[in-house]
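Data first, discussion second: the structure below is written as structure tokens.
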Amino acid sequence: MEDKLYWYWFCTMLGMNARKQHEILNLFQHPKELWNLSFSVMETTFSKTICKRWIESKDETKIQKQYDQMKKEEIEFLLSKEAAYPQKLKEIYDYPYGIFQKGQPWQEKDLVIAIVGSRHPDRYGLEIARNFAQDLAQRGIGVVSGMAKGIDAAAHWGALKMEGSTAGILGCGIDQIYPRDNHQLFYEMYDKQSVFSEYPMNVRPDAWRFPERNRLISGWSDGIVIVQAEKRSGSLITADCGLDQNKEIFAVPGPVWNSKHAGCHALIRQGAKLVESVDDILSEFPNFMKSSENISQLSEKCLANPEKKVYANLDLYPRHINEIMTKTGLNFQQTVEALFHLEAKGYIKQISHNTYIKNIHKR
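The sequence shown begins at 564 in the working numbering and counts up by one.
What follows is the structure, given as structure tokens:
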């Protein structure tokens, strides 16, 4: 078999979680060594359950058939040694050696924030999650969440609206649309963004898989924002995973009489940072903020006078061309020409028709 098929077999057909896989590869250099092991050595080294799975799964035809079906469904199997694999994920101790991806390739960002929370939020929670995700996406920051109903979905939709970079991490097989209510979100993510799972096709969304998945959401990110979490919310598991992984934890407060916010308030009492805006989040990442501030250090010699005026009146929040004309005092023709040249040089971005922001990735 080719190299990748050994990894596919090892990651999907032996029924082991990522932690057990790491234990085994501390003994062997490559899954091929495990494949070629004699049964007598297997018997003395591993449990009866693993030995039974090892025997039953060593079917090259079956492995190739499953792999081909996966590719037919436009699903990629990414190994941790490949460039397309999410690099931040490799920093956690129990990262999966292989992960499944459907949709567009993940665009790695310098800063990635996870937004998670209640599956049954009120309007306040939905607006917070959506607005935070939009603001983060506008600033070139990646947004990750779990594709669940409620806060997760609102975060993905917010990033999608701004054509930002967002990844959904599933707690079931990569081919499963769960919950079904989110089918439109899944199709949008497949079309424009990335959906990931450490589980292969046909794996059901069993409840126990979601806490295991949460370590990937936190591992994918530099910080985790909890929005509208109750006392026993699954989002708190993500926060716990984040603490173990040395991530920044943020919590959005709410009315003290509303039990939907009890988990967030508990996190704040335990030391999570109370956040009311994206600026509260970004203040914990001074290196990212410093690189973003390089936008304003543009040499004026590079720009013609109308371009300087337009650039000086843009920031990281969207500005329509009519507002730009009012602020700069330029006429329509001058403004259009300045915007065209600034965009061509990479100093600004048009995020929707006649609406512009500064480009934070211009150095």
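The C-beta atom is built at its ideal place from N, Cα and C for all residues, glycine as well.
Problem set entry | Test item: CB-CB of ASP785 and LEU674 under 8 Å | Contact flag set, yes.
For this session: Per DSSP, which residues does ARG882 bridge with? Please list them.
Result: DSSP lists TYR919 as the beta-bridge partner residues of ARG882.
For this session: Label ARG926 either buried or exposed according to how many other C-beta atoms from any shown protein chain fall within 10 Å of its C-beta, with 16 as the threshold for buried.
Result: Residue placement at ARG926 is poorly supported in this model, since its pLDDT is 40, which falls under 50; the coordinates still yield a value, given next. Exposed, since its Cβ has fewer than 16 Cβ neighbours within 10 Å.
For this session: Could you tell me which of VAL707, ALA722, TYR874 sits nearest to HIS904, measuring between CA atoms?
Result: Nearest option by C-alpha distance: TYR874.
Exercise. Can you name, in chain order, every residue of its own chain whose Cβ lies under 8 Å from the Cβ of GLY666, other than the five neighbours on each side?
Worked result: The answer, listed in chain order, is MET752, TYR753, ASP754, LYS755, GLN756, SER757, VAL758.
Exercise. Leaving out five residues before and five after SER620 in sequence, what residues of the same chain have Cβ atoms less than 7 Å from its Cβ?
Worked result: Excluding sequence neighbours, SER620 sits near TRP572, MET576, LEU577.
Exercise. For the ligand MG, any of its heavy atoms closer than 7 Å to the Cβ of GLN670?
Worked result: The ligand MG is not part of this structure, which contains no ligands at all.
Problem set entry | Classification of GLU645 by the beta-carbon crowding that lies within 10 angstroms, buried from 16 upward | With fewer than 16 Cβ atoms within 10 Å of its Cβ, GLU645 is classed as exposed.
Exercise. If we count the other Cβ atoms within 10 Å of its Cβ and call it buried at 16 or more, is VAL819 buried or exposed?
Worked result: Around the beta carbon of VAL819, fewer than 16 other beta carbons lie within 10 angstroms, which makes this residue exposed.
For this session: Determine the DSSP secondary structure at GLY927, reduced to helix, strand or coil.
Result: Given a span of 564 to 926 for the chain in the structure shown, any question on residue 927 remains unanswerable.
Exercise. Mind checking TRP771: buried by the 16 CB within 10 Å criterion, or exposed?
Worked result: TRP771 should be labelled exposed.
Problem set entry | Endpoints, the beta strand (DSSP E) within which ILE844 is located | Unbroken run through ILE844 is the alpha helix (DSSP H), 841-845; no beta strand (DSSP E).
Problem set entry | Cβ contact (3+ pairs, closer than 8 Å) linking the segment 682-691 and the segment 612-631 | No, the segment 682-691 does not touch the segment 612-631.
Exercise. When the distance is taken between beta carbons, is SER681 closer than 8 Å to LYS794?
Worked result: Their beta carbons are not under 8 Å apart, which means LYS794 does not touch SER681 by this criterion.
Problem set entry | Status (buried if at least 16 other CB within 10 Å, exposed otherwise) for ASN777 | Per the 10 Å Cβ criterion, buried.
Exercise. Can you tell me whether DSSP reads ILE618 as helix, strand or coil?
Worked result: Helix.
Problem set entry | Closest residue to THR624 among LEU568, SER643, LEU642 (Cα-Cα distance) | The residue with the shortest Cα to Cα distance from THR624 is LEU568.
For this session: Count the other C-beta atoms from every protein chain shown that fall within 10 angstroms of the C-beta of THR898, then say buried if there are 16 or more, exposed otherwise.
Result: Under this definition THR898 is a buried residue.
For this session: Select from GLY909, LYS872, LYS908 the residue whose C-alpha is nearest the C-alpha of GLY892.
Result: Ranking GLY909, LYS872, LYS908 by Cα distance to GLY892 puts LYS872 first.
Exercise. Out of curiosity, what's the CA-to-CA distance linking GLY721 and GLN629?
Worked result: The alpha-carbon atoms of GLY721 and GLN629 are separated by roughly 35 Å.
Problem set entry | Per DSSP, the bridge partner or partners of GLY666 | Looking at the DSSP assignment, GLY666 forms a beta bridge with SER757.
For this session: With a 10 Å radius around its C-beta and 16 neighbouring C-beta atoms as the bar for buried, classify LEU641 as buried or exposed.
Result: Under this definition LEU641 is a buried residue.
For this session: Select from SER728, ALA716, ASP738 the residue whose C-alpha is nearest the C-alpha of GLN747.
Result: Considering only SER728, ALA716, ASP738, the residue with the shortest C-alpha distance to GLN747 is ALA716.
For this session: Taking 8 Å as the threshold, find out whether the segment 839-854 comes into contact with the segment 884-891 through three or more Cβ pairs.
Result: No, they do not touch.
Exercise. Which runs of the beta strand (DSSP E), 3 residues or longer, sit entirely within the segment 738-817?
Worked result: Counting only unbroken stretches of 3 or more residues, the beta strand (DSSP E) elements lying wholly within the segment 738-817 are 757-760, 786-790, 811-815, in sequence order.
For this session: Could you please give me the residues that DSSP links to GLU639 through a beta bridge?
Result: Beta-bridge pairing links GLU639 to GLN664.
Exercise. Which one of THR607, ALA730, ILE662 has the shortest CA to CA distance from ALA581?
Worked result: The alpha carbon of ALA581 has as its nearest neighbour, out of THR607, ALA730, ILE662, the alpha carbon of ILE662.
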